[in-house]
Amino acid sequence: MSDTRIPGWSVETLHDGYAQALQETELLYDSETDHQRLRVFTNPRFGRVLTLDGVVQTTEGDNFIYHEMLTHLPILAHGAAKRVLIVGGGDGGMARETLRHTSVEHVTMVEIDAGVVEFSKTYLPMLSQGAFDDPRLTLVIDDGAAFMKTTQEKFDVIIVDSTDPIGPGEVLFTDTFYGHAKRALTPGGILVTQNGVPFMQGDELTDTLRAFKALFADWGCYLATVPTYAGGPMAFGWGTDGGARAVPLDTLEARFAAAAIETGYYTPAVHKAAFALPGYVQDLLP
């Protein structure tokens, strides 16, 4: 095994035979919790960067793409989402985008590691932008799988903002977890999930969608390109028993205009186009 250390650079080796490197101009935080090693450093292109166990989780520069596509797409597709559950998302970016919808009355956020939340408030405040202080947000420090198994609450949209299926995030990619998530949805509710870069992590997408196929009348995935999630476009799992995927473009445009939200990536046209899959991704569907 070759030495992947480069002085002054953070090298990610998540995928076999492939690595990406981000220059570190300043190390702001480096601490190991009971669950994972957290680091924050600055990069000339992406600003502040958060890594967990050496893997890029989010950056100041491109986080808006990931967070917008996992929030605005299901919320606007649903059209009447009042209660939203976020599993993970300790940096606060997902809560930030969800709470921009004034029509959303309550957000429950379940994060396994209180340390992620606390240091994000200090070192990545531009991600949450005050979301943790919003009275509509309830923060629960708990294992997401345990919460989903026992909750009696119902949600219109469930967003699984998990790490990759290794370590603490592994239980969030199981058939049992998805089954519990479906039980927690209201009629016509939508479940969306982070499913990695399918060019590099095809099995991850196939396994999730095999479970979705058994659970939901409408299942599949949609795509977005996030520069620091290297290796091609990222896939997001989609599951619902309602007709939200088929909402016409003009309806999405009206809902987006009414929401009065400024976005850097999401548009109603991108929303519709994101479900158009290239052949190699279609081949991964069960």
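Heads up: the sequence shown runs through residues 2 to 287, numbered per the working numbering.
Positions of the beta carbon are idealized from the N, C-alpha and C atoms, including for glycine.
Remember, it's a predicted structure, so these values are computed and weren't measured experimentally.
Segment limits, alpha helix (DSSP H) that includes residue i
i, result
"Gly116", "Ala115 to Tyr124"
"Gln283", "Gly280 to Gln283"
"Leu286", "Here Leu286 belongs to no alpha helix (DSSP H), and DSSP marks it neither H nor E."
"Asp176", "Asp176 to Arg184"
For residue i, the nearest candidate out of the options (CA to CA)
i, options, result
"Thr52", "Gly265, Ala81, Tyr230 and Tyr266", "Tyr230"
"Val1", "Pro287, Pro249, Val282 and Ala259", "What the structure shows of the chain is the stretch from 2 to 287, and residue 1 is not part of that stretch, so it cannot be assessed."
"Glu61", "Tyr124, Lys214 and Asp284", "Tyr124"
"Tyr281", "Asp208, Gly240, Arg184 and Gly203", "Gly203"
"Glu205", "Thr175, Gly180, Glu98 and Leu224", "Thr175"
"Ile160", "Pro199, Ala274, Ile76 and His102", "Ile76"
"Val88", "Arg184, Val193 and Leu28", "Val193"
Sub-9 Å separation of residue i and residue j beta-carbons
i, j, result
"Val108", "Asp143", "no"
"Leu253", "Ala20", "no"
"Pro228", "Asp63", "yes"
"Met127", "Arg40", "no"
"Val85", "Val105", "yes"
"Asp157", "Leu186", "yes"
"Phe133", "Tyr30", "no"
"Ala182", "Gly80", "no"
"Ile191", "His73", "no"
"Pro195", "Leu71", "Here residue 195 turns out to be Gln, not Pro, going by the sequence shown. It is a contact, given that the beta carbons lie within the stated cut-off."
"Thr59", "Pro45", "no"
"Gly197", "Met235", "yes"
Residues bridged to residue i [DSSP beta-bridge criterion]
i, result
"Gly89", "Asp162"
"Arg40", "Asp31 and Thr52"
"Glu13", "Gln21"
"Gln195", "Phe237"
"Gly62", "For Gly62, which the question treats as bridged, DSSP gives no partner whatsoever."
Bounding residues of the beta strand (DSSP E) (the contiguous stretch that carries residue i)
i, result
"Gly244", "From DSSP, Gly244 is part of no beta strand (DSSP E); its letter is neither H nor E."
"Leu100", "Element bounds for Leu100: n/a, residue is neither H nor E."
"Asp251", "That residue, Asp251, is in no beta strand (DSSP E); its alpha helix (DSSP H) goes Leu250 to Ala260."
"Gly203", "No beta strand (DSSP E) holds Gly203; the alpha helix (DSSP H) holding it covers Gly203 to Leu216."
- Task: Evaluate contact between the segment 64 to 71 and the segment 93 to 104, counting only Cβ atoms and requiring at least three cross-stretch pairs below 8 Å.
- Result: When C-beta atoms of the segment 64 to 71 are compared with those of the segment 93 to 104, three or more pairs fall below 8 Å, so the two segments count as touching.
- Item | Three or more C-beta pairs below 8 Å linking the segment 206 to 218 and the segment 26 to 40 | Output reads no: the segment 26 to 40 does not touch the segment 206 to 218.
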